[in-house]
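Report on one structure; see the data block that follows.
Residue numbers (my numbering): 27 to 691.
What follows is the structure in structure tokens.
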């Protein structure tokens, strides 16, 4: 049998990197090129074609484009020759620092970061002195172009780093303006973790004969990441989060939340419960965000609770876990989140804490990233306590003892412990660290996870129009922990889910409302809110105005149209928060607010087709496929009950007039 020729590992020198840059990156600890660098660097050095490179965050993209771009700079010229765009200030600064390190031994090469959220004057002065490379957020660069300070007529290379994220943040118009303002005869290098429709549009309009370089597969998840989900009821989500954190004593994680308000709430709870946690979101000042990210990079924070936008500038390689406190709105966001762990050859875990109603999203993500999610079983209190106990023992074993410093104190310590047995001393030392978990979990309530089988039965009952429910219980009760409310607005008033949520956002005046199921009828509707918020929601909405109509909201009577917990039914999902300031995405970056979301895919055509088919069924008025109530369950019955519901309405309403006529008869 012939001997196989051993594969020789390539070096940066083999890729054509210059001596000055080789010296710098060697000092930085670079030894062998990563896959994306191995593919991109020699291509950029040897060709003048445009490039679309698809690679996950944390795979070495900065060096992949940075080394060849720097190597092509003519230091005898002081005009701008390369522009690199990034979505956030933090990433912009990070790229700039890396490029300065790479070019440490290249005399006369100047790199400048320009970004919003900082004074523009120092950036203008630096540009006037002359720089060859600009690293910029799109909004600030457009501003400098409009001021005639950033002159890009000699640019030879344009790089869009994390292009999909820039488009998702609303920078589409700014990117268009920048690409239209540089010479047509330039190289454009587009780096993205996913290939969305908007990325394809940019590529088609502004790139010429582009070479597509893919590391992994198109839109595939990170290679070394395991995906786990815990399916629980909405009221148990926070306790599940704590169990996950406790089960992994060495956890170093980002916990992603959907909104700034939810982010702060979860961080505050964790801090109150004794966890080393902090929040990161758009309502914090820039100085606060910088300090928090610095502490997290230095491992002084163990759990960082963050929104997607605020975390985009944070780049760390050692994350053990990413935790999704509910799934994001689109698959691309999940791909970016999970790609933050499992970097540089390490393994990582992406954990999603979901409600049963988010199971369809899990399937859509699995299909997109070509990876299976593992349904997780929550660890018991005993298992968590065992993990924490072993952690205490490991810490004691690993502690370094400074003999000289501790020696003066030891005689008194020995005297104190002299009367104790060895076993008793060990128990006391361990318990000092361990008791918090022991006391909590011995009294912790049991968390019941819905089984896959029960979920399939629930969905089967939905598809049969609700026939799967108990025949003896035709009444509807709100889901546990929720109150079902009646509102005198329906489809004939122009109400649809989007309009309804917008109305609640406007009237709730800053309240953080967790909407459950929404059932839209022709003349009225039902919706569910957490029990503790019901009274404040009723107070806020009742008497308010909707297109000239006075709004009435009441708690539904038991058995008057409330949902059976056995039936379930699909709603907006507990993880979806509706608030006037939904998330950092609404900020739209520094410019281009309200710009294109780039065709972010949501959760797939299959689910949309399924929803559409359900909507088209005769008489269906329930959001997201929940079965319609039977005739006798549709709320008020008879004129007296209708009059009660609409008591206080303006007399010009047709329905009110009809009630008066019936009463006179």
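Built from N, CA and C at the ideal position, the CB exists for glycine as well.
Remember, it's a predicted structure, so these values are computed and weren't measured experimentally.
Residue 247 - DSSP class collapsed to helix/strand/coil
Mapped onto the chain shown, residue 247 falls at position 221. Low confidence applies to residue 247: its pLDDT is 49, below 50, so where it sits in the model is not reliable enough to give any reading.
When DSSP labels each residue in this structure, what does residue 434 get in the three-state scheme?
Within the chain shown, residue 434 is the residue found at index 408, counting from 1. It is helical.
Residue 347 and residue 277 look like a contact to me (Cβ under 8 Å); what is the Cβ gap, rounded to whole Å?
Working through the chain shown from its first residue, we reach residue 347 at position 321. Working through the chain shown from its first residue, we reach residue 277 at position 251. Sure, about 6 Å apart at Cβ, within 8 Å.
Specify whether the region 110-125 and the region 161-181 touch according to this definition: at least 3 beta carbon pairs, one from each stretch, less than 8 Å apart.
yes
Mind pulling the alpha helix (DSSP H) runs of 4 or more residues that sit fully within the region 448-474?
448-468
Quick one: grab the DSSP three-state call for residue 66.
Translated into positions along the chain shown, residue 66 becomes position 40. Reduced to three states, the DSSP call for residue 66 is helix.
So, using beta-carbon positions, are residue 75 and residue 324 closer together than 8 Å?
Locating residue 75 in the chain shown gives position 49, counting from the first residue. Locating residue 324 in the chain shown gives position 298, counting from the first residue. It is not a contact, given that the beta carbons lie outside the stated cut-off.
For residue 63, count neighbouring C-beta atoms within 10 Å of its own C-beta (all shown protein chains included) and say buried if the count is 16 or more, exposed if not.
Here the question's residue 63 lines up with position 37 in the chain shown. So residue 63 ends up on the buried side.
Answer yes or no: do residue 184 and residue 205 have a C-beta to C-beta separation smaller than 8 Å?
One-based indexing of the chain shown puts residue 184 at position 158. One-based indexing of the chain shown puts residue 205 at position 179. For residue 184 and residue 205, yes; Cβs fall inside 8 Å.
From residue 259 to residue 385, what does the alpha carbon distance come to, in whole angstroms?
By 1-based counting over the chain shown, the position of residue 259 is 233. By 1-based counting over the chain shown, the position of residue 385 is 359. Cα to Cα, the separation comes out at about 12 Å.
Quick test of your reading: residue 186 and residue 138, contact by CB under 8 Å. State the CB separation rounded to the nearest angstrom.
In the chain shown, the residue the question calls residue 186 occupies position 160. In the chain shown, the residue the question calls residue 138 occupies position 112. With 8 Å as the limit, residue 186 and residue 138 do not qualify as a contact, their Cβ atoms being about 18 Å apart.
Hey, residue 517 and residue 548 are a contact pair by Cβ (cut 8 Å); roughly how many whole angstroms apart?
Along the chain shown, read from residue 1 onward, the residue named residue 517 stands at position 491. Along the chain shown, read from residue 1 onward, the residue named residue 548 stands at position 522. Rounded, the Cβ-Cβ distance is 5 Å, consistent with contact.
Are there 16 or more other CB atoms within 10 angstroms of the CB of residue 522, so buried, or fewer, so exposed?
As a first step, residue 522 must be located in the chain shown, where it is residue number 496. It is exposed - the Cβ of residue 522 has fewer than 16 other Cβ atoms within 10 Å.
Determine the direct distance from the alpha carbon of residue 140 to that of residue 171, and round the result to whole angstroms.
For the purposes of this step, residue 171 is identified with residue 145 of the chain shown, where counting begins at 1. For the purposes of this step, residue 140 is identified with residue 114 of the chain shown, where counting begins at 1. Looking at the two C-alpha atoms, the distance is approximately 12 Å.
In chain order, what are the residue ranges of uninterrupted beta strand (DSSP E) at least 3 long that sit wholly in the region 274-301?
279-282
Residue 364: buried (16+ other C-beta within 10 angstroms of its C-beta) or exposed?
The residue labelled residue 364 in the question sits at position 338 within the chain shown. Classification for residue 364: buried.
Return helix, strand or coil for residue 105, following the three-state DSSP convention.
Taking the chain shown and counting its residues from 1, the one referred to as residue 105 is at position 79. Coil.
Closer than 7 Å by C-beta to residue 509: which residues in its own chain qualify, once you throw out the five before and the five after it? Chain order, please.
Taking the first residue of the chain shown as position 1, residue 509 is located at position 483. Hits under 7 Å: 554, 555, 557, 560 and 581.
For residue 189 versus residue 239, is the C-beta spacing smaller than 8 Å?
To locate residue 189, count along the chain shown from 1; it is residue 163. To locate residue 239, count along the chain shown from 1; it is residue 213. For residue 189 and residue 239, no; Cβs fall outside 8 Å.
Three-state secondary structure (DSSP) at residue 178?
Residue mapping note: residue 178 aligns to position 152 of the chain shown, counting from 1. Note: residue 178 maps to coil in three-state DSSP.
I'd like the span of the alpha helix (DSSP H) that includes residue 211, first residue to last.
Position 185 of the chain shown, counted from the first residue, corresponds to residue 211. Where residue 211 is concerned, there is no enclosing alpha helix (DSSP H), given that its DSSP letter is neither H nor E.
Below 8 Å, how does it come out for the region 374-393 and the region 310-328: are there three or more Cβ pairs, yes or no?
no
Reducing DSSP to helix, strand and coil, say where residue 521 ends up.
Walking along the chain shown from the start, residue 521 turns up at place 495. Coil, per DSSP.
What residue from 465, 525 and 562 has the CA that sits closest to residue 511's CA?
Residue 511 sits at position 485 when you count from the first residue of the chain shown. For residue 511, the nearest C-alpha among the options comes from 562.
Terminal residues of the alpha helix (DSSP H) in which residue 150 lies:
For the purposes of this step, residue 150 is taken as the residue at position 124 of the chain shown. 146-155 is the extent of the alpha helix (DSSP H) around residue 150.
Could you tell me which residues DSSP puts in a beta bridge with residue 216?
The residue given as residue 216 occupies position 190 in the chain shown. Beta-bridge pairing links residue 216 to 78 and 186.
Pop quiz: residue 132 and residue 267 are said to be a contact at Cβ under 8 Å. What is the actual Cβ separation, rounded to whole angstroms?
Locating residue 132 in the chain shown gives position 106, counting from the first residue. Locating residue 267 in the chain shown gives position 241, counting from the first residue. Actually they do not touch by this definition, with Cβ atoms about 48 Å apart.
Under 8 Å between C-beta atoms of residue 308 and residue 337:
The sequence position of residue 308 within the chain shown is 282, counting from 1. The sequence position of residue 337 within the chain shown is 311, counting from 1. For residue 308 and residue 337, no; Cβs fall outside 8 Å.
Roughly how many whole angstroms lie between the Cα atoms of residue 356 and residue 58?
Start at 1 with the first residue of the chain shown, and residue 356 comes out as number 330. Start at 1 with the first residue of the chain shown, and residue 58 comes out as number 32. Rounded to the nearest angstrom, the two C-alpha atoms are 35 Å apart.
Touching by the beta-carbon criterion (3+ pairs, under 8 Å), the region 113-128 and the region 277-288:
no
Tell me which same chain residues have a C-beta within less than 6 Å of the C-beta of residue 159, skipping the five on either side of it?
Taking the first residue of the chain shown as 1, we reach residue 159 at position 133. Cβ neighbours of residue 159 beyond the five flanking positions: 108 and 137.
With distance defined between alpha-carbon atoms, name the residue in 37, 250, 195 and 233 nearest to residue 212.
Walking along the chain shown from the start, residue 212 turns up at place 186. Among 37, 250, 195 and 233, the Cα nearest to that of residue 212 is on 233.
Cβ-based neighbour list, residue 359, same chain, cut-off 7 Å, excluding 5 preceding and 5 following
For the purposes of this step, residue 359 is identified with residue 333 of the chain shown, where counting begins at 1. Once the five neighbours on either side are set aside, the close Cβ partners of residue 359 are 334.
Rounded to whole angstroms, what's the CA-CA distance from residue 471 to residue 407? Just pull it up for me.
Position 445 of the chain shown holds residue 471. Position 381 of the chain shown holds residue 407. Roughly 10 Å between the two C-alpha positions.
With a threshold of 6 Å on Cβ separation, who are the neighbours of residue 79 within its own chain once the five nearest residues in sequence on each side are excluded?
Taking the chain shown and counting its residues from 1, the one referred to as residue 79 is at position 53. 66, 217 and 239, listed in sequence order.
Here's the rule: buried if 16 or more other CB atoms are within 10 angstroms of the residue's CB, otherwise exposed. What is residue 37?
Residue numbering aside, residue 37 sits at position 11 when the chain shown is read from its first letter. It is exposed - the Cβ of residue 37 has fewer than 16 other Cβ atoms within 10 Å.
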